[in-house]
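Enquirer: Supplied in structure tokens, the structure appears directly below.
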Amino acid sequence: MDSDPAAIPSSDDRHNIKVKVASTLKWTVIDKVSVQLLYAVTGIVLALKLSQADFGLVGAVLVFQAFGSLFVDSGFASALIQRKAPTRDDYSTVLWFNISMAVGLYVVLYFCAPLIADWYGGDERIIPLSRVMFLTFIINATSIVQVNRLNKMMEMKMVTVANTGGLIAGSIAGIAMAMAGFGAWAIVGQSLLLSSVKSAILWLSSSWRPSAVFSLKILKSFFKVGCGVMVTSFFNILYLNIYSFLIGNRVGMTGLGYYSQADKWSKMGVSSLSAVITSSFLPVLSKYQDDPVHYAAVTSKFARLTAYITFPSLGILAALAPALFHMLFGTKWDGSIQLFQLLLLQGMCVVISGLYSNFILARGKAKLLVVSESVRYVVALIAIVATLPYLSLSSAADVTEGIKIFLYGQIAASCAFWCVMTILAARVSHRRWWTLPLDLSPYLAQSLVIVLGIGSLYNLSLPSWAIILIGTIGGGAIYLGINMVLHSRIQADAIAYLRHKL
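Going left to right, the sequence shown walks through residues 0 to 501 as numbering that gives the first Met the number 0 numbers them.
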């Protein structure tokens, strides 16, 4: 069904690359699975104990948290990965920049907290919540370079340990505070302890220490790629968080709470897939940036692997959403189910578009990244303008009517952006544009068949746990079987790797 456009140069090089990618994928997947499992357990407890308005309050603060984190990093972490051989002074300069930006940004947002509350209807509970939550800027700034170094060396083991350790500590704190009746503060406490423990583990386990160097010359050398990544990330964060910004203002804290819950659970899948792709593929892509033939081969293989994992994972999750929500929460969060499904559909576009962005970034085409994200912003803005008048629509039975219309518009915008990214990614990958959809289409078609099959289970009046069990095992088995019959090279490589490890 799928074959490489070209072979990787030598058998030794091919083996070394496969080993590195496999090891990185292994630890990245372990990291994401363990983190998401812990998030899931904590999220279930918090969803049962906290109100929709509590989640709305935190969701309002997280909008500004996302933008703040962007300016703390400013794209230099990605620029370090793109650079073939960063020095100690390179890492040190970026570290001191991150910390300085974090402190300055915290001071600004501390005094802007009342203005944030005014945007969300003058809810003064947001003021102290935001001032404490924004402390994570400073804490997270201390760990960015440590994580970056490990990513660059494709050594993900300690990143996994740090993330898991931080989340365990944060989860214990969050659950304890929720049980004690602290409301939205439980999520704030969880975030602070998570960041603190993660940073502590990374520093205590690493022998690397920064030099007393802050070089403007070094910082300027990162500016071209860093600026491009920052602008790209700005549009990406704006694209992902403008919903909460507008929903909180137009619909209120309860509607924002439903959306925040759907957004949180959908991102557990979408963000994990994007993170695996970025951390595992970008270092390898950068090795072949000057070799057109082999760059085309590697991008094709990575696109097929991404599609093989993404489409069935998110598709099955969307199909099982009603059963999952009812089994975990009863009917308390029914208003989030359709929003969750729509966000997963949009997430498919986000993951593939993110992969194509890596194709561009690995070639160092910062200007092209800016152009692509400008297009993304424009089409998203058009969709927002078209659907914003309907955002505040609601009824006694469903306060999320307008939010659904709003998300349909964003799905349309995501699909349009996907088409644009296909053309741009083909250009930098030295490939015909139509070969990129061919990489994806077999797995998309198979996933659609499985999703329709799972949907039919709801007509049988089965309990939620039975639908989840049958849908997961049956859908997965059918997917593996189809790819086996079609002799999928990607699946064969994955199975061979698993057999070797076992």
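All C-beta atoms in this analysis are idealised placements derived from N, C-alpha and C, irrespective of residue type, glycine included. Here the structure is a predicted model, which means the values were calculated and not measured.
Determine the closest residue to tryptophan 464 out of Ser198, Gly164, Gly329, with distance taken between C-alpha atoms.
Expert: The residue with the shortest Cα to Cα distance from tryptophan 464 is Gly329.
Enquirer: Would DSSP call leucine 392 helix, strand or coil?
Expert: Of the three classes helix, strand and coil, the one that applies to leucine 392 here is coil, per DSSP.
Enquirer: Are there any heavy atoms of the ligand ADP lying less than 7 Å away from the beta-carbon of phenylalanine 416, as far as the coordinates show?
Expert: The model depicted lacks the ligand ADP and carries no ligand whatsoever.
Enquirer: On the three-state DSSP scale, how would you describe glutamate 372?
Expert: It is helical.
Enquirer: Tryptophan 207: buried (16+ other C-beta within 10 angstroms of its C-beta) or exposed?
Expert: Exposed.
Enquirer: With the cut-off set at 8 Å, would you say leucine 367 and isoleucine 308 are in Cβ contact?
Expert: Taking 8 Å as the Cβ cut-off, leucine 367 and isoleucine 308 do not qualify as a contacting pair.
Enquirer: Please confirm if the stretch 159-175 is in contact with the stretch 111-129, defined as three or more CB-CB distances below 8 Å between the two stretches.
Expert: Cβ pair count under 8 Å is below three, so no.
Enquirer: Under three-state DSSP, which class holds valine 44?
Expert: Valine 44: helix per DSSP, three-state reduction.
Enquirer: Would you mind working out which of His429, Val377, Ala179, Lys266 sits nearest phenylalanine 358, comparing C-alpha positions?
Expert: When only C-alpha atoms are compared, the closest one is His429.
Enquirer: Between the Cα of alanine 415 and the Cα atoms of Ile351, Pro441, Leu451, which residue gives the shortest distance?
Expert: Ranking the options by Cα distance to alanine 415, first place goes to Ile351.
Enquirer: For the alpha helix (DSSP H) containing threonine 163, name the first residue and the last one.
Expert: Unbroken alpha helix (DSSP H) run through threonine 163: 156-178.
Enquirer: Quick check on the burial criterion: 16 or more other C-beta atoms within 10 angstroms. Buried or exposed for asparagine 458?
Expert: By the 10 Å Cβ count, asparagine 458 comes out exposed.
Enquirer: Could you have a look at threonine 421 and say whether DSSP puts it in helix, strand or coil?
Expert: The answer is helix: DSSP assigns threonine 421 an H, G or I state.
Enquirer: Rounded to the nearest angstrom, what separates alanine 161 and leucine 239 at their Cα positions?
Expert: Each residue's alpha carbon lies about 26 Å from the other.
Enquirer: Quick test of your reading: threonine 182 and aspartate 333, contact by CB under 8 Å. State the CB separation rounded to the nearest angstrom.
Expert: The residue asked about is misnamed: residue 182 is glycine in this sequence, not threonine. Their Cβ separation, rounded to whole angstroms, is 22 Å, which puts glycine 182 and aspartate 333 out of contact at 8 Å.
Enquirer: What's the gap between the Cα of isoleucine 472 and the Cα of isoleucine 466?
Expert: Answer to the nearest angstrom: the Cα atoms are 10 Å apart.
Enquirer: Which of the three DSSP states is assigned to tyrosine 38 in this structure?
Expert: Looking at tyrosine 38 - three-state DSSP - the assignment turns out to be helix.
Enquirer: Got a sec? Which residues, its chain only, sit under 8 Å from serine 393 by beta carbon, not counting five neighbours each side?
Expert: Val250, Gly254, Thr399, Glu400, Gly401.
Enquirer: Find out if the Cβ-Cβ distance for the pair aspartate 122, methionine 326 is shorter than 8 Å.
Expert: For aspartate 122 and methionine 326, no; Cβs fall outside 8 Å.
Enquirer: Output the residue ranges of the alpha helix (DSSP H) runs that lie fully inside the stretch 99-152 and measure 4 residues or longer, sorted by chain position.
Expert: As far as the stretch 99-152 is concerned, its whole alpha helix (DSSP H) runs of at least 4 residues are 125-132, 135-140, 143-151.
Enquirer: Which value, in whole angstroms, describes the spacing of the CA atoms of tyrosine 119 and threonine 434?
Expert: One C-alpha to the other measures close to 46 Å.
Enquirer: What do you reckon, are the CB atoms on glycine 165 and serine 210 nearer than 8 Å?
Expert: No, Cβ-Cβ distance for glycine 165 and serine 210 is not below 8 Å.
Enquirer: Here's a check: name, in chain order, each residue in its chain whose Cβ is nearer than 6 Å to the Cβ of leucine 439, leaving out the five neighbours to either side.
Expert: Around leucine 439: Ala306.
Enquirer: Let me confirm a value: glycine 256 is counted as buried when at least 16 other C-beta atoms fall within 10 Å, else exposed. Which label applies?
Expert: When all chains shown are included, glycine 256 counts as buried.
Enquirer: According to DSSP, is tryptophan 502 part of a helix, a strand, or is it coil?
Expert: Outside the shown range of the chain (0 to 501) lies residue 502, about which nothing can therefore be said.
Enquirer: What does the alpha-carbon distance come out to for the pair glutamine 35 and methionine 267?
Expert: Going by the C-alpha atoms only, they are around 6 Å apart.
Enquirer: Are the stretch 312-322 and the stretch 438-455 touching by the rule of at least three beta carbon pairs closer than 8 Å?
Expert: Short answer: they touch.
Enquirer: By a C-beta neighbour count over all protein chains shown, 10 Å radius and 16 as the cutoff for buried, is serine 373 buried or exposed?
Expert: Result: exposed.
Enquirer: For lysine 263 and glycine 55, what's the separation of their Cα atoms in angstroms?
Expert: Near 12 Å, if we compare the C-alpha coordinates of glycine 55 and lysine 263.
Enquirer: Below 8 Å on the Cβ atoms is my guess for leucine 191 versus leucine 237; work out the distance and round it to an integer in Å.
Expert: Going by Cβ atoms, the distance from leucine 191 to leucine 237 rounds to 25 Å, so no, they are not a contact pair.
Enquirer: For the alpha helix (DSSP H) containing proline 321, list its first residue and its last residue.
Expert: Here the alpha helix (DSSP H) through proline 321 covers 320-328.
Enquirer: At the level of alpha carbons, what is the spacing between glycine 346 and leucine 485?
Expert: Rounded to the nearest angstrom, the two C-alpha atoms are 27 Å apart.
Enquirer: Classify isoleucine 422 as buried or exposed, calling it buried when 16 or more other Cβ atoms lie within 10 Å of its own Cβ.
Expert: It is exposed - the Cβ of isoleucine 422 has fewer than 16 other Cβ atoms within 10 Å.
Enquirer: Just to check my reading of the structure: phenylalanine 157 and serine 204 have Cβ atoms closer than 8 Å, yes? What is that Cβ distance to the nearest angstrom?
Expert: The residue asked about is misnamed: residue 157 is methionine in this sequence, not phenylalanine. At roughly 5 Å, the Cβ-Cβ gap stays under 8 Å, so methionine 157 and serine 204 are in contact.
Enquirer: Is the separation between the beta-carbon of serine 243 and that of glycine 58 shorter than 8 Å?
Expert: Result yes, Cβ atoms of serine 243 and glycine 58 sit closer than 8 Å.
Enquirer: From glycine 475 to cysteine 111, what does the alpha carbon distance come to, in whole angstroms?
Expert: Glycine 475 and cysteine 111: Cα-Cα distance of roughly 49 Å.
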